[in-house]
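Asks: Just so you know, we're using my numbering here: the sequence shown kicks off at 7 and counts up by one. Built from N, CA and C at the ideal position, the CB exists for glycine as well.
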Amino acid sequence: MGDNQNLLAEQRRALILEQLRERGGVRVNELTRTLLVSDMTVRRDLDVLARRGALEKVHGGAVPLADASTHEPGFEAKSSLEQSAKEDIARAAAPLAKPGSAVALSGGTTTYALAQQLTEVPDLTVVTNSVRVADVFHSAQHRTAAGGQAHAGAATVVLTGGVRTPSDSLVGPVADAAIRALHFDVLFLGVHGISAEAGLSTPNLAEAETNRRFVGSARQVVVVADHTKWGTVGLSSFASLEEVGTLVTDGGLPHEARDRIREHVRELVVTGATETAAGGGQA
């Protein structure tokens, strides 16, 4: 049987995960009929998803991970996934940070990619609870100083305190208190999961509270998330989709998901095209 060339690999995998969540399990023979691809293609997709920790393979198909809502991968594990998509998202989101503004960046591998783009924006004040994000700006400043170039315009970086998570974010009461006292023009927020019902979620309870503080202190909330985050639900929700002003994602997001997101979010930016949701929520 010839494979369906109309679906990209990541679109197929997103559809597999969607069926897995809806039905509680998927079978290879059913997926071949639904996706119009070969058994071998489906098995390869399941192998990729299993390596990412998105599902558990069983004989003849796959089932959800028992601890999917509470499992939090480390930074290194997440950084190897969807690298090109994260870089595209970072380039698309960077123009939303204006010179001289106060921006916040949460932890995550997509915000880490975005930080590398924002080093070129002059006179930013950056507040972050991510050790990795702070390191990006500090390294950029050191390179500039070592090169003997003018240092004017370099970002001022404030790193919150707190307890370190597996993804190298600082969370807990110390971080929450620091964020609560500040106000940001734009918050760039990385997420573990997005869904219409659960909104934005994370498997870490303390991180959920810290992210909730971030959202409450921002005039504009920009979520940066690749398509694999859609349909994932972590243990704790910290914001609804209506609280998101802009969602920046990649072209692997299925069109059905885009339609659902437009119902809630004011602006959906898909790398390569900008789509504004009519009647969506306000930032």
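Taking 7 Å as the limit between beta carbons, can you name the residues of its chain near H24, skipping five residues before and five after?
Replies: Note on identity: in this sequence residue 24 is Glu, with His being the wrong assignment. Cβ neighbours of E24 beyond the five flanking positions: G237.
Asks: Would S145 be called buried (16 or more neighbouring beta carbons within 10 Å of its own) or exposed?
Replies: By the neighbour-count rule (16 or more Cβ atoms within 10 Å), S145 is not buried but exposed.
Asks: Who does R33 pair with in a DSSP beta bridge?
Replies: According to DSSP, R33 bridges with G67.
Asks: Taking the alpha helix (DSSP H) that T216 falls in, what are its first and last residues?
Replies: Where T216 is concerned, the enclosing alpha helix (DSSP H) stretches over 211–222.
Asks: Output the residue ranges of the beta strand (DSSP E) runs that lie fully inside the region 113–181 and measure 3 residues or longer, sorted by chain position.
Replies: Complete beta strand (DSSP E) runs here, min 3: 131–134, 162–165.
Asks: Should L14 go down as buried or exposed, given a rule of 16 or more other Cβ atoms within 10 Å for buried?
Replies: Label assigned to L14: exposed.
Asks: What are the start and end residues of the alpha helix (DSSP H) that includes S90?
Replies: Start and end: 89–99.
Asks: May I have the straight-line CA-CA distance separating T47 from E88, to the nearest angstrom?
Replies: Approximately 19 Å, taken between the alpha carbons.
Asks: Identify whether S246 lies in helix, strand or coil by the three-state DSSP scheme.
Replies: Note: S246 maps to coil in three-state DSSP.
Asks: Please check the pair S136 and L120, which I expect to be a contact at CB under 8 Å, by giving their CB distance rounded to whole angstroms.
Replies: S136 to L120, Cβ: 11 Å. No contact.
Asks: Give a yes or no on contact between the region 191–201 and the region 222–230, applying the rule of three or more CB pairs nearer than 8 Å.
Replies: The answer is yes - the region 222–230 touches the region 191–201, with three or more Cβ pairs under 8 Å.
Asks: Taking only three categories from DSSP, how would you classify D256?
Replies: If DSSP states are grouped into helix, strand and coil, D256 belongs with coil.
Asks: Could you name the residues of the same chain whose beta carbon sits closer than 6 Å to that of V142, not counting the 5 residues immediately before and after it, in chain order?
Replies: Excluding sequence neighbours, V142 sits near A121, Q122.
Asks: Pull up the distance between the alpha-carbon of R149 and that of R50, whole angstroms please.
Replies: Straight-line Cα distance between these residues: approximately 43 Å.
Asks: Relative to the C-alpha of S243, which candidate in L102, R264, T171, E213 has its C-alpha closest?
Replies: Nearest of L102, R264, T171, E213 to S243, Cα basis: E213.
Asks: If I measure Cβ to Cβ from V250 and keep anything under 6 Å in the same chain, skipping five residues before and after, which residues do I get?
Replies: V227, V229, V271, listed in sequence order.
Asks: Can you find at least 3 beta carbon pairs, one from the region 253–264 and one from the region 27–39, that sit closer than 8 Å?
Replies: With a cut-off of 8 Å, the region 27–39 and the region 253–264 do not count as touching, because too few Cβ pairs lie within range.
Asks: Are the CB atoms of A68 and G30 within a distance shorter than 8 Å?
Replies: Not a contact, by the Cβ cut-off of 8 Å.
Asks: Rounded to a whole number of angstroms, what is the C-alpha to C-alpha distance between F190 and A224?
Replies: Taking the straight line joining both Cα atoms gives about 5 Å.
Asks: Which of the three DSSP states, helix, strand or coil, is assigned to V43?
Replies: Three-state result, V43: coil.
Asks: Return the first residue and the last residue of the beta strand (DSSP E) that D191 is part of.
Replies: Note, D191: beta strand (DSSP E), 190–195.
Asks: Can you tell me whether L274 is helix, strand or coil according to DSSP?
Replies: The answer is strand: DSSP assigns L274 an E or B state.
Asks: Can you tell me which of G205, N217, G278 puts its alpha carbon nearest to the alpha carbon of R266?
Replies: Nearest of G205, N217, G278 to R266, Cα basis: G205.
Asks: List the endpoints of the continuous beta strand (DSSP E) containing V103.
Replies: Checking the sequence, you will find Ala at residue 103 rather than Val. Segment: none, A103 is in no beta strand (DSSP E) and carries neither H nor E.
Asks: Can you name, in chain order, every residue of its own chain whose Cβ lies under 7 Å from the Cβ of D174, other than the five neighbours on each side?
Replies: These residues qualify, in order along the chain: F81, G113, S136, V137, R138.
Asks: For A184, which of helix, strand or coil comes out of DSSP?
Replies: Residue state, collapsed to three classes: helix.
Asks: What does DSSP give as the partner residue(s) for T208 in the beta ladder?
Replies: DSSP lists S242 as partners of T208.
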